[in-house]
Amino acid sequence: MLDTIKILSFVKTFVYSGSIVVPNYEIMSKNLTSRSEDYSKWYNELVVKADLAENSAVRGCMVIKPYGYAIWEKMQAELDKMFKETGHQNAYFPLFVPKSLFEAEEKNAEGFAKECAIVTHYRLENDPENSGKLRVDPNAKLEEELVVRPTSEAIIWSTFKGWVQSYRDLPLLINQWANVVRWEMRTRLFLRTAEFLWQEGHTAHATKSEAIDEAIQMNNIYAKFAEEFMAIPVIQGVKTESERFAGAEETYCIEALMQDGKALQAGTSHFLGQNFAKAFDVKFANNEGKQDYVWATSWGVSTRLMGALIMTHSDDKGLVLPPKLAPFQVVIVPIYKNDDQLCKISKQAELIKASLKSEGISVKFDDRTTQRPGHKFAQYELQGVPIRLAIGPNDLKAGTVELARRDTLTKEVVDLDSLTSRVEAQLQEIQAGLFKKALNFRSAHITRVESFEEFKAVLKQKTGFISAHWDGSSETEDKIKEITKATIRCIPLDSKKELGECVFSGKPSNQRVLFAKAY
RNA sequence: CGGGGUGUAGCGUAGCCCGGUUAUCGCGCCACGUUUGGGACGUGGAGGCCGCAGGUUCGAAUCCUGCCACCCCGACCA
Numbered sequence: 000m001l002d003t004i005k006i007l008s009f010v011k012t013f014v015y016s017g018s019i020v021v022p023n024y025e026i027m028s029k030n031l032t033s034r035s036e037d038y039s040k041w042y043n044e045l046v047v048k049a050d051l052a053e054n055s056a057v058r059g060c061m062v063i064k065p066y067g068y069a070i071w072e073k074m075q076a077e078l079d080k081m082f083k084e085t086g087h088q089n090a091y092f093p094l095f096v097p098k099s100l101f102e103a104e105e106k107n108a109e110g111f112a113k114e115c116a117i118v119t120h121y122r123l124e125n126d127p128e129n130s131g132k133l134r135v136d137p138n139a140k141l142e143e144e145l146v147v148r149p150t151s152e153a154i155i156w157s158t159f160k161g162w163v164q165s166y167r168d169l170p171l172l173i174n175q176w177a178n179v180v181r182w183e184m185r186t187r188l189f190l191r192t193a194e195f196l197w198q199e200g201h202t203a204h205a206t207k208s209e210a211i212d213e214a215i216q217m218n219n220i221y222a223k224f225a226e227e228f229m230a231i232p233v234i235q236g237v238k239t240e241s242e243r244f245a246g247a248e249e250t251y252c253i254e255a256l257m258q259d260g261k262a263l264q265a266g267t268s269h270f271l272g273q274n275f276a277k278a279f280d281v282k283f284a285n286n287e288g289k290q291d292y293v294w295a296t297s298w299g300v301s302t303r304l305m306g307a308l309i310m311t312h313s314d315d316k317g318l319v320l321p322p323k324l325a326p327f328q329v330v331i332v333p334i335y336k337n338d339d340q341l342c343k344i345s346k347q348a349e350l351i352k353a354s355l356k357s358e359g360i361s362v363k364f365d366d367r368t369t370q371r372p373g374h375k376f377a378q379y380e381l382q383g384v385p386i387r388l389a390i391g392p393n394d395l396k397a398g399t400v401e402l403a404r405r406d407t408l409t410k411e412v413v414d415l416d417s418l419t420s421r422v423e424a425q426l427q428e429i430q431a432g433l434f435k436k437a438l439n440f441r442s443a444h445i446t447r448v449e450s451f452e453e454f455k456a457v458l459k460q461k462t463g464f465i466s467a468h469w470d471g472s473s474e475t476e477d478k479i480k481e482i483t484k485a486t487i488r489c490i491p492l493d494s495k496k497e498l499g500e501c502v503f504s505g506k507p508s509n510q511r512v513l514f515a516k517a518y
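To convert, note that position 409 of the first sequence is 408 in numbering that gives the first Met the number 0; the numbers rise steadily by one, no gaps.
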């Protein structure tokens, strides 16, 4: 059908997960085969049409548009609350890291060396050979280059050195909301942009076990946030050595599964041992008066989470937002034939809005006269607003409202006097329903395999996570990656000890790990 | 950074191979009118340094060179 489909109605289609996606309503008539199966094209189109973000003129960077940023702000607020409840404080550190500082932790510097933006000059001047143009002033070369932070460990640890003297100064629990720059070879909107927004936590502790507990605690917080707010089920685990953060001794992570069967690392929390303390000479006197290096952690989540949100819940009509993160949870659309009706409906709508607001529900009343109701319906579906209320003359007469759910696309007529409680209940159901749906999808896409043939077959046809035995060696991991492009996403924290044979090498294994193709 | 592709109005595109009237079509936008319970219709209108910079030519969206950006596949990565 797709080879010859000609779109006659108001649609432009892309194919996603085997179904037809309708991200906007431009009249087109063309053969679709060239674009079918192009998930990320769909994704970019949808994201842009839903007014979340667009590519900027700067290589690999994105402009986050107001509606998209409102979602990020919601996420920020909830995460920040959780950080503070666990005793963390926010601070801010410089964007620029002197190269010498950056070099201090060798592994970390090596890990990021290939993707750094570097400031070498501090002044422009008029170009004498090209009037009206500017050029870099060759006389304004910096003595030491500045690295635009790809992460802030170096600058933060060099600062921490001055903050820690005694065990009484510990633990030091700092978080920073910031932008970082990684000059990635290949970028992808939300998932891997050259500049991105994130939070990075950096903590110092007196003991190893306390630092490990911190790293685990923060990974738990990420998991909780993903599941309770974003309605995205995640698997907690630790990374293998080759997937580990450069400079870390252990990397904890949360892994999510997208609708196209690819895995996405949604957040990481690192136990850094004493590596950074040693590199930046951060010592403290313990309660016995002896000098020791502090134990460190770092942890972060980024605007990539927005990509996860989009790719986990969206459907053919656009975004589907969980109520807890929607910029507004309810939109009221009036349906009217004349000014008199609009006036009456507006009064009703304002009453409903006030009533919902008093219950802590965020509401938008769209009384624009420039767009017709059908247009508004489609727009809010594209934006993923969880609940839509429509009020027309018939409702006014009957004392009712039409309530439509974004996730199930179902509609019901609700009496005015029970509306607020109904909306509250439905919002909860949507939040829970989205999680359940995503969980069911994921459960159906974790496959236990016993042989490499099976491994390859599942990866090709079914996709998703593969639970398999692994001999624990990097060589095996690398070879599997080379052959199948699948990587070990994590060694799940809750996986049971189980004797078996490595799917690739046949060597003994005592635990299953999760493989998948990843973003 | 290597391989492939693309760049024409806010968006999606035709034209390019084989240079030649005023650059095609749709959506969107603006005005007026009729409409308004699922992306309205009619009539009229505006909007383009054809990615940027050079070159070839009487003449370049079209040919050549360089650069830039984006997309896909690798390598890298949250």
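Glycine included, each C-beta is placed from N, C-alpha and C at the ideal position.
This structure is a prediction, so every number in the text was calculated from the model and none was measured.
Looking only at its own chain, which residues have a Cβ that is under 6 Å from the Cβ of residue i, when we skip the five neighbours before and after it?
i      : result
Gly499 : His468 and Ser508
Val512 : Trp469, Ile487 and Ile490
Lys506 : Asp470
Glu213 : Thr202 and Thr296
Lys516 : Lys261, Lys484 and Ala485
Asp37  : Only weak support is given to the placement of Asp37: the predicted model assigns it a pLDDT of 44, under 50, and the value that follows is read from those uncertain coordinates. Hits under 6 Å: none found.
Ser8   : Per-residue confidence for Ser8 stands at a pLDDT of 22, beneath the threshold of 50, marking its modelled position as unreliable; the derived number appears in the next sentence. Here the set comprises nothing.
Name the residue from the options whose alpha carbon lies nearest to the alpha carbon of residue i.
i      : options                           : result
Glu183 : Ala262, Arg58 and Asp406          : Arg58
Arg181 : Ser301, Leu45 and Ile351          : Ser301
Ile234 : Glu497, Ala245 and Asn218         : Asn218
Leu78  : Leu395, Leu438 and Phe228         : Phe228
Gln175 : Ser345, Leu123 and Gly200         : Gly200
Gly236 : Gln510, His312, Asp493 and Tyr518 : Asp493
Leu438 : Ala230, Leu141, Pro97 and Lys140  : Ala230
Pro385 : Gly463, Lys140, Phe327 and Ile344 : Phe327
Lys410 : Ile429, Glu428, Gln427 and Arg387 : Arg387
Leu320 : Gln427, Asn107 and Tyr221         : Gln427
Val448 : Asp339, Val457 and Thr158         : Val457
Phe440 : His312, Leu318, Asn89 and Trp294  : His312
Give me the Cα-Cα distance between residue i and residue j, rounded to the nearest whole angstrom.
i      : j      : result
Lys356 : Val362 : 7 Å
Asp168 : Trp162 : 8 Å
Asn125 : Asn138 : 13 Å
Glu423 : Val281 : 51 Å
Glu152 : Phe82  : 19 Å
Ala389 : Ile331 : 6 Å
Phe95  : Cys115 : 11 Å
Leu418 : Gln425 : 10 Å
Gln258 : Leu51  : 19 Å
Gly391 : Asp416 : 17 Å
Ala112 : Leu381 : 40 Å
Trp156 : Ile173 : 11 Å
Lys346 : Ser268 : 51 Å
Met61  : Glu194 : 8 Å
Ile26  : Lys496 : Note on Ile26: pLDDT 23, under 50, position unreliable in the model; the coordinate value appears next. Approximately 57 Å, taken between the alpha carbons.
Apart from the five residues on each side of it in sequence, which residues of its chain come closer than 8 Å, Cβ to Cβ, to residue i?
i      : result
Ser99  : Glu143
Gly432 : Asp406 and Thr407
Asn285 : Tyr166, Ala205 and Asp291
Asp366 : Pro333, Leu341, Ser345 and Ala348
Just to confirm my understanding: we take residue i, look at its own chain, exclude 5 residues before and 5 after, and list those with CB closer than 7 Å. What are they?
i      : result
Val413 : Thr399, Val400, Leu402 and Arg421
Thr475 : Trp469, Cys501, Phe503 and Ser504
Ala247 : His269, Phe270 and Leu271
Glu104 : Glu152, Ala153, Gly246, Asn274, Phe275 and Ala278
Output the boundary residues of the beta strand (DSSP E) element that contains residue i.
i      : result
Ser301 : Trp294 to Ser301
Ala284 : Lys282 to Ala284
Asp414 : Lys410 to Asp414
Lys140 : Lys140 to Val147
Pro333 : Val329 to Pro333
Ile211 : Run containing Ile211: none in the beta strand (DSSP E); it sits in the alpha helix (DSSP H), Lys207 to Glu227.
Glu401 : Thr399 to Arg404
Using the DSSP secondary-structure output, state which residues sit across from residue i in a beta bridge.
i      : result
Thr486 : Ala515
Ala52  : Ile63
Glu194 : Val180
Cys252 : Gly236 and Thr267
Arg447 : Ser466
Ser165 : Ala284
Ser508 : Gly499
Leu133 : Asn125
Pro491 : Gly236
With residue i as the anchor, note down where its alpha helix (DSSP H) starts and where it stops.
i      : result
Gly373 : Pro372 to Gln382
Thr158 : Glu152 to Phe159
Lys522 : The structure shown has nothing for residue 522, since the chain only spans 0 to 518.
Phe111 : Glu105 to Phe111
Lys346 : Asp338 to Ser357
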